[in-house]
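With the numbering used here applied, the sequence shown covers 2 to 394.
The beta-carbon is built from N, C-alpha and C at its ideal position, and this holds for glycine as well.
Notes follow the structure.
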Amino acid sequence: MKIDTRLAERLKKINPSSTLAITSKAKKLKSEGKDIVNFAAGEPDFDTPDFIKEKAIAAINSGFTKYTPTTGILELKKLISGKFQKDNQLYYSPDQIVVSNGAKHSIYNTLMVLLNRRDEVLIPAPYWVSYPEMVSLCEGIPRFIKTNAENNFKITAKDLSKHITAKSKVLIINSPANPTGAVYSRVELEEIAKICVDKNIFVISDEIYEKIIFDGVIHESIASFNKDIYKLTITVNGLSKSHSMTGWRIGYLGAPPDVTNAISNLQDHSTSNPNSIAQHAAVAALSAPEDFTHKLCQEFARRRDYLAKRLGNLPTLSFCLPHGAFYMFCNISKTGLDSISFASRLLDEQYVCVIPGNSFGADDFIRISFATSIEELQIGMDRIEKWVAKISR
């Protein structure tokens, strides 16, 4: 008997992660004493603020370590409801909110309750690596909508219309976007919303990078435009990026009642409640002024501008200036290398770790994270500049 017959058929649809492969290799080299510059990080390099950690410690000391309601404690859900109203002009009652184990879990739960076998999910490409894999696990079909740098890697209403079929059920919108940093304007989203309403297509609006935004650009929540798109939208967010709480695993969503009821039932029988201590920490995060988040955003803007200046001096690399998130998506096609070769050689020869674009559906690109210090950016860019000049001769 072949070993793979022991495993579920659905797992054969899941692609191995080249992101994991390159980061694992970088960790191995670092453990061997190599001076690795990490431009791969998908998380802020700042520590979680002390006032959040203190709330978690208080929860432990007070014995708040037992099960909570599956969808989260009421105090936290009320704060999330208030956040949606204040920041996004969205009214989700606490009953319409589900707190999960990170925003990724929220998206997966949503796909699980919306998709039937072979339903199509429309995904703008480049895309976050987990979107298509989650769709496949839910027995849906990812249907990619290719974007380009000329339009800042954003789909248009025309692009969307051309890709809709009778099996299209869900559109995933990520704004600000990973890996491109693209941010959709209100006008762009209104045109997309109109089509989704006309065709009765659900929208998963992944807004996890909402607070990391630059140049006076305004973040817009598609569900806020009118009652029709509101009824079709699942708005996903969390505290990982805004409060540097990636490991705490607190994400949440707001959605129509039938969707949240279904997700609640699913979570009842899968993970149950998110970590009780982390929920208390989340209460502190959402209750406090946004001083930490503002400082974090200002620092990312400074790093972005430094990285853009350095990359602008390299004739074989090009990029669109990101207006959100903390990534630079760079076109490497002029080097003659595909993204895996580029990333592997850069790591082997210069000890700089970047993420190959094929992980995001764009093999002519690499993703550079600027979630690291200016000093590390300088060292890494010195190495990249030297290396690119050598391979481009």
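* **Identified DSSP bridge partners for G255** => One-based indexing of the sequence shown puts residue 255 at position 254. G255 pairs with I98, T236.
* Got a sec? Which residues, its chain only, sit under 6 Å from Y210 by beta carbon, not counting five neighbours each side? -> What you label residue 210 is simply residue 209 of the sequence shown in a count that begins at 1. Apart from sequence neighbours up to five positions away, the residues of its chain that approach Y210 with a beta-carbon distance below 6 Å are P177, K242, G325, A326, ordered along the chain.
* **Proximity test, Cβ basis, 9 Å: V188 and chain D** => The structure shown contains no chain D, having only a single protein chain.
* To do: Indicate the three-state DSSP secondary structure (helix, strand or coil) for A363 in the structure shown.
  => Residue mapping note: residue 363 aligns to position 362 of the sequence shown, counting from 1. In the three-state scheme derived from DSSP, where H, G and I count as helix and E and B as strand, A363 is classed as coil.
* With which residues is R144 paired in a DSSP beta bridge? -> Mapped onto the sequence shown, residue 144 falls at position 143. DSSP, once it has assigned bridges, lists L123 as partnering R144.
* **Uninterrupted beta strand (DSSP E) stretches inside the stretch 169-196 (no shorter than 3 residues)** => Within the stretch 169-196, the complete beta strand (DSSP E) runs of at least 3 residues fall at 169-175.
* **Inter-residue Cα distance where the pair is L80 and S245** => In the sequence shown, residue 80 corresponds to position 79, counting from 1. In the sequence shown, residue 245 corresponds to position 244, counting from 1. Cα to Cα, L80 sits roughly 18 Å from S245.
* To do: With distances taken Cα to Cα, identify the nearest neighbour of Y1 among K35, P17, S319, S19.
  => Residue numbering for the chain in the displayed model covers 2 to 394; residue 1 lies beyond these limits and cannot be assessed.
* Asked: How is the beta strand (DSSP E) around M329 delimited, first residue to last?
  -> Locating residue 329 in the sequence shown gives position 328, where the first residue counts as 1. Looking at the DSSP string, the run of the beta strand (DSSP E) that includes M329 is 328-332.
* To do: Provide the residue span of the alpha helix (DSSP H) that contains D229, from first to last.
  => Translated into the one-based positions of the sequence shown, residue 229 becomes position 228. That run of the alpha helix (DSSP H) goes 228-231.
* To do: For E350, I'd like the list of residues in its chain whose CB is within less than 8 Å of its CB, leaving aside the five on either flank, ordered along the chain.
  => The count along the sequence shown starts at 1 and reaches residue 350 at position 349. Hits under 8 Å: W388.
* To do: Within the same chain, show all residues whose beta-carbon is closer than 7 Å to that of K26, passing over the 5 residues directly before and after it, in chain order.
  => Mapped onto the sequence shown, residue 26 falls at position 25. Cβ within range, chain order: L348.
* Asked: Within the chosen definition, does the stretch 259-268 reach the stretch 211-226 through at least 3 CB pairs nearer than 8 Å?
  -> No, the stretch 259-268 is not in contact with the stretch 211-226.
* Asked: By how many angstroms is the C-alpha of T157 removed from the C-alpha of P180?
  -> Position 179 of the sequence shown, counted from the start, is the residue given in the question as residue 180. Position 156 of the sequence shown, counted from the start, is the residue given in the question as residue 157. The C-alpha of T157 is placed about 18 Å away from the C-alpha of P180.
* Asked: Going by the beta-carbon positions, is the gap between E121 and I142 smaller than 9 Å?
  -> Counting from one through the sequence shown, the residue named residue 121 turns up at place 120. Counting from one through the sequence shown, the residue named residue 142 turns up at place 141. Yes.
* Asked: Where does the unbroken beta strand (DSSP E) through S206 begin, and where does it stop?
  -> For this step, residue 206 is matched to residue 205 along the sequence shown. First-last of the beta strand (DSSP E) with S206: 203-207.
* Please name the residue or residues paired with S319 in a DSSP beta bridge. => For the purposes of this step, residue 319 is taken as the residue at position 318 of the sequence shown. In DSSP, S319 forms a bridge with N332.
* Three-state secondary structure (DSSP) of S245 -> Taking the sequence shown and counting its residues from 1, one reaches residue 245 at position 244. In the structure shown, S245 adopts coil according to DSSP, grouped into three states.
* Between the stretch 66-82 and the stretch 225-237, are three or more C-beta pairs nearer than 8 Å? -> Contact between the stretch 66-82 and the stretch 225-237 is absent: fewer than three C-beta pairs spanning the two stretches fall below 8 Å.
* To do: Taking L338 as part of the alpha helix (DSSP H), name the residues at either end of that continuous run.
  => Within the sequence shown, the letter at position 337 stands for residue 338. From DSSP, L338 is part of no alpha helix (DSSP H); its letter is neither H nor E.
* **Candidates I341, E377, S162, of which the one nearest S19 by Cα** => Start at 1 with the first residue of the sequence shown, and residue 19 comes out as number 18. Closest by alpha carbon: I341.
* **Option in R304, G182, T294 with minimal Cα separation from E376** => Indexing the sequence shown from 1 puts residue 376 at position 375. Nearest to E376 by alpha-carbon distance, out of R304, G182, T294, is R304.
* How would you label S90, buried or exposed, when you count the other beta carbons within 10 angstroms and need 16 or more for buried? -> In the sequence shown, residue 90 corresponds to position 89, counting from 1. Looking at the sequence provided, one finds Gln at residue 90 rather than Ser. Result: exposed.
* E377 - DSSP class collapsed to helix/strand/coil -> The residue given as residue 377 occupies position 376 in the sequence shown. Note: E377 maps to helix in three-state DSSP.
* To do: Could you check what DSSP says for V353 in three-state terms: helix, strand or coil?
  => Here residue 353 is taken as the residue at index 352 of the sequence shown, counted from 1. Three-state result, V353: strand.
* Asked: What is the rounded straight-line gap between the Cα of I74 and the Cα of A104?
  -> Here residue 74 refers to the residue found at position 73 of the sequence shown. Here residue 104 refers to the residue found at position 103 of the sequence shown. About 17 Å.
* Asked: In whole angstroms, what is the alpha-carbon distance linking V136 and L112?
  -> Residue numbering aside, residue 136 sits at position 135 when the sequence shown is read from its first letter. Residue numbering aside, residue 112 sits at position 111 when the sequence shown is read from its first letter. Distance from the CA of V136 to the CA of L112, rounded to the nearest whole angstrom, comes to 7 Å.
* Asked: Just to confirm, are A183 and F226 a CB contact at a threshold of 9 Å?
  -> Position 182 of the sequence shown holds residue 183. Position 225 of the sequence shown holds residue 226. No.
* Asked: With a cut-off of 8 Å, do at least 3 Cβ pairs link the stretch 247-262 to the stretch 329-337?
  -> No, the stretch 247-262 is not in contact with the stretch 329-337.
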